[in-house]
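Numbering follows numbering that gives the first Met the number 0, in which position 79 of the sequence shown is assigned residue number 78; successive positions increment by one, without gaps.
Virtual Cβ for every residue (Gly too), placed ideally from N, Cα, C.
The structure presented is a predicted model; accordingly, all values stated were derived computationally and were not measured.
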Amino acid sequence: MQTIWKGTISFGLVNIPINLFAATENKDISFRSLHKECNSPIKYEKVCPVCDREVTNDEIIKGYEYEPGKFVVISSEELKEIAPESNRTIEIIDFVKLDEIDPIYFDKSYFLGPQENGLKSYYLLKQAMEQTGKIGLAKITIRSKESLAIVRVYQSALLLETIFFPDEVRNVEHVPGLEPKLKLDEKELNMAIQLIEQLTTQFEPEKYTNDYRSTLMELIESKVTGKEITVPKEWPKTNVVDLMAALQASIDQTRPLKQVENNEGKEMMKKKKKLSVRPKKDKLKEVR
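Spelled out as structure tokens, the structure:
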């Protein structure tokens, strides 16, 4: 695993030297744009529409569009002057409970690994947060960008998650069509609750797969090797307009699955009980 940043975690007067690693990776399949006639990759040139010519990187500056078609120019020197100090420190400002932060604020995740001379202080912070049930709220600067972040325990390590600042989260009240006070039918609500309860299970991430990506990769490999593939057929969709009928159909559809799971669970319990019960003869032998 490649280190992408080195620094320290700071809380109070304690400094913990750490390494930062990417905790997730994007596995989306990307395509190149090709010329239809010869399959050659297309090149994109930087062209000024006014001067009608290609421009070099030396001729390009940065500008902020404050009105449509109107820009204010910001020089590289001005950006450097106001850039946050890259002090390589994850400064924990406060400690809070994780459930106080809505998941909408979460952005990117990074593993925090201890450096050799910070092993003890690293696990001291980890165990202290485990026992208090708290997470650290911190600030970090990565690649000249200041971010708000949380430091929390993840399995056997510490995890850093950058989170959005409050003004970066849009107001849900701006979503059109919302009617929070809409009156609902009690029977429909109870059926919806029943359906949710039937579909409720424990989260096991391993059982969820990206079927589209797998099929797409199979298609690509078949093109490379010259083979044909069979695209799986879609399940027929029922055109149920009535909400009550749709809920009932969904409940009826999911009930057999739950019954199979429950029956399998009962069979397992019976087997365990049989194994745990010893024959009476064995008991008599033990007494002797």
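In the DSSP annotation of this structure, the continuous segment of the beta strand (DSSP E) that includes K61 starts and ends at K61 to E66. Assignment of G135 by DSSP, reduced to helix, strand and coil, places it in the strand class.
Non-local beta-carbon contacts of K138 in its own chain, meaning distances under 8 Å to residues more than five positions away in sequence, involve I89, E90, I92, E145, S146, L147 and A148 in chain order.
Spatial neighbours of I162 in its own chain (CB-CB distance under 8 Å, excluding positions within 5 residues in sequence) are listed in chain order as I100, Y104, F105, D106, S146, L147, A148 and I149. Counting only unbroken stretches of 4 or more residues, the alpha helix (DSSP H) elements lying wholly within the segment 71-148 are 75-81 and 118-131, in sequence order.
Contact between K5 and N25 does not hold, since the beta-carbon distance rounds to 23 Å and is not under 8 Å. DSSP places V174 in the coil class of the three-state scheme, outside both helix and strand. Residues I3 and Y109 of the same chain have their beta carbon placed closer than 7 Å to that of A21, with the five preceding and five following residues left out of the count.
In terms of Cβ geometry, M190 and Q252 do not form a close pair [threshold 9 Å]. Here the segment 120-127 lies against the segment 151-171, with 3 or more beta-carbon pairs under 8 Å apart. The continuous stretches of alpha helix (DSSP H) do not include K206, and DSSP gives it neither H nor E. In this structure, the straight-line span from the alpha carbon of E80 to that of I219 is close to 49 Å. Per DSSP, E36 lies in no beta strand (DSSP E) segment and is marked neither H nor E.
Within its own chain, the residues whose Cβ lies closer than 6 Å to the Cβ of S9, once the five positions on either side in sequence are excluded, are T88 and E90, listed in chain order. Taken atom to atom, the span from the alpha-carbon of I192 to that of L183 is near 13 Å. Secondary structure at T214: helix, using DSSP grouped into helix, strand and coil. With a 10 Å radius around the Cβ and a threshold of 16 neighbouring Cβ atoms, Y65 comes out exposed.
Beyond the five residues adjoining it in sequence on each side, L215 comes within less than 7 Å, by CB distance, of I28 in the same chain, given in chain order. Secondary structure at T161: strand, using DSSP grouped into helix, strand and coil. Its chain contains no residue whose beta carbon lies nearer than 7 Å to that of F30 once the 5 sequence neighbours on both sides are disregarded. Less than 9 Å separates the beta-carbon of V95 from that of I134.
One alpha carbon belongs to E44, the other to V13, and they sit about 51 Å apart. The Cβ atoms of G117 and I15 sit closer than 9 Å to each other.
Beta-bridge annotation (DSSP): R151 is paired with L158. In terms of CA proximity to R254, Q197 leads the group Y207, T224 and Q197. Per DSSP, the beta bridge partners of F20 are F110. One thing to note: P83 has its Cβ no nearer than 9 Å to the Cβ of T7.
DSSP places T224 within a helical segment (H, G or I) once states are collapsed to three.
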